[in-house]
Amino acid sequence: MALINCIECGKEISDKAKSCPHCGMPLKKKGRGFAIASLVLGIIGCVYSLPVLLMAFKKFESTGVAFGRAMYFMIFGVLSVIFGVNSHLRGCHLKKKTAGIVLGTINIVVLSISIIISIL
Ligand SMILES: [Zn+2]
Numbered sequence: 874m875a876l877i878n879c880i881e882c883g884k885e886i887s888d889k890a891k892s893c894p895h896c897g898m899p900l901k902k903k904g905r906g907f908a909i910a911s912l913v914l915g916i917i918g919c920v921y922s923l924p925v926l927l928m929a930f931k932k933f934e935s936t937g938v939a940f941g942r943a944m945y946f947m948i949f950g951v952l953s954v955i956f957g958v959n960s961h962l963r964g965c966h967l968k969k970k971t972a973g974i975v976l977g978t979i980n981i982v983v984l985s986i987s988i989i990i991s992i993l
């Protein structure tokens, strides 16, 4: 069980509570799946983006390989951000969604750098 802040009154409440005991604001659970998906995709995206960056730096094999992989793995980062934002819009409080958005953004930035390096 973790404590979260009520989006309405800001007081600390249990994340297991169905509604805020202070102001009665119902806790929406709808965005949970998206938050978890965002985190998982963000982690996968980051794990795969680093080798691609190294590949682009070392000019390993042909530059087209790093470019292709960067474009491919960026899907994880983009989906991670989309799911994280979707979860946020559905009123999800989970920190997983923020972590997912951050990791997804890192993935996109790292892969964008990889693409630029592989083109240069
Ligand atoms: Zn409240």
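Counting from 1 along the sequence shown, just add 873 to a position and that's the residue number in my numbering.
Just so you know, even glycine gets a beta-carbon here, dropped at the ideal spot from N, CA and C.
None of these values were measured; they are calculated from a predicted model.
*So, helix, strand or coil for I914, using DSSP?*
The sequence position of residue 914 within the sequence shown is 41, counting from 1. This sequence places Leu at residue 914; Ile is not what is there. In the structure shown, L914 sits in a helix (DSSP, three-state: H, G or I).
*Express the C-alpha separation of C893 and V920 in angstroms, rounding to a whole number.*
Within the sequence shown, the letter at position 47 stands for residue 920. Within the sequence shown, the letter at position 20 stands for residue 893. Near 37 Å, if we compare the C-alpha coordinates of C893 and V920.
_Buried versus exposed, by CB contacts within 10 Å (16 or more), F940_ = The count along the sequence shown starts at 1 and reaches residue 940 at position 67. Looking at its Cβ environment, which holds 16 or more other Cβ atoms inside 10 Å, F940 is buried.
*Confirm the yes/no value for this check: CB of H895, any heavy atom of ligand 1, distance under 6 Å.*
For this step, residue 895 is matched to residue 22 along the sequence shown. Answer for H895: yes, Cβ within range of ligand 1.
*Would you kindly work out how many angstroms separate the C-alpha atoms of K889 and S991, rounded to a whole number?*
Within the sequence shown, residue 889 is the residue found at index 16, counting from 1. Within the sequence shown, residue 991 is the residue found at index 118, counting from 1. Whole-angstrom Cα-Cα distance: 48 Å.
_Can you tell me whether C879 sits near ligand 1, meaning its C-beta is under 6 Å from at least one heavy atom of the ligand?_
As a working mapping, residue 879 is identified with position 6 in the sequence shown. Correct: C879 has its Cβ closer than 6 Å to ligand 1.
*Count the other CB atoms within 10 Å of the CB of I948; is the residue buried (16 or more) or exposed (fewer)?*
Position 75 of the sequence shown, counting from 1, holds the residue named residue 948. A residue is called buried when at least 16 other Cβ atoms come within 10 angstroms of its Cβ; I948 does not meet this threshold and is exposed.
*Check I948 in the structure and name its three-state DSSP category.*
Here residue 948 is taken as the residue at index 75 of the sequence shown, counted from 1. Three-state result, I948: helix.
*asked:* As a quick exercise: from I917, S985, C882, pick the residue whose alpha carbon is nearest that of S953.
replied: Stepping through the sequence shown from its first residue, residue 953 is reached at position 80. Checked all of I917, S985, C882; the closest Cα to S953 is I917.
_Beta-carbon proximity list for F946, same chain, < 8 Å, skipping 5 on both sides_ = Working through the sequence shown from its first residue, we reach residue 946 at position 73. Same-chain partners within the cutoff: G918, Y921, S922, V925, N980, L984.
*DSSP beta-bridge partners for I909?*
If you number the sequence shown from 1, residue 909 lands on position 36. Here I909 is not bridged, per DSSP, to any residue.
*Check each candidate in L927, F907, I886 and name the one with the smallest Cα separation from I989.*
Mapped onto the sequence shown, residue 989 falls at position 116. For the residues L927, F907, I886, the minimum Cα distance to I989 belongs to L927.
*Taking all protein chains shown into account, do 16 or more other C-beta atoms lie within 10 angstroms of the C-beta of G915, making it buried, or fewer, making it exposed?*
Translated into positions along the sequence shown, residue 915 becomes position 42. Answer is buried; the Cβ neighbour count reaches 16.
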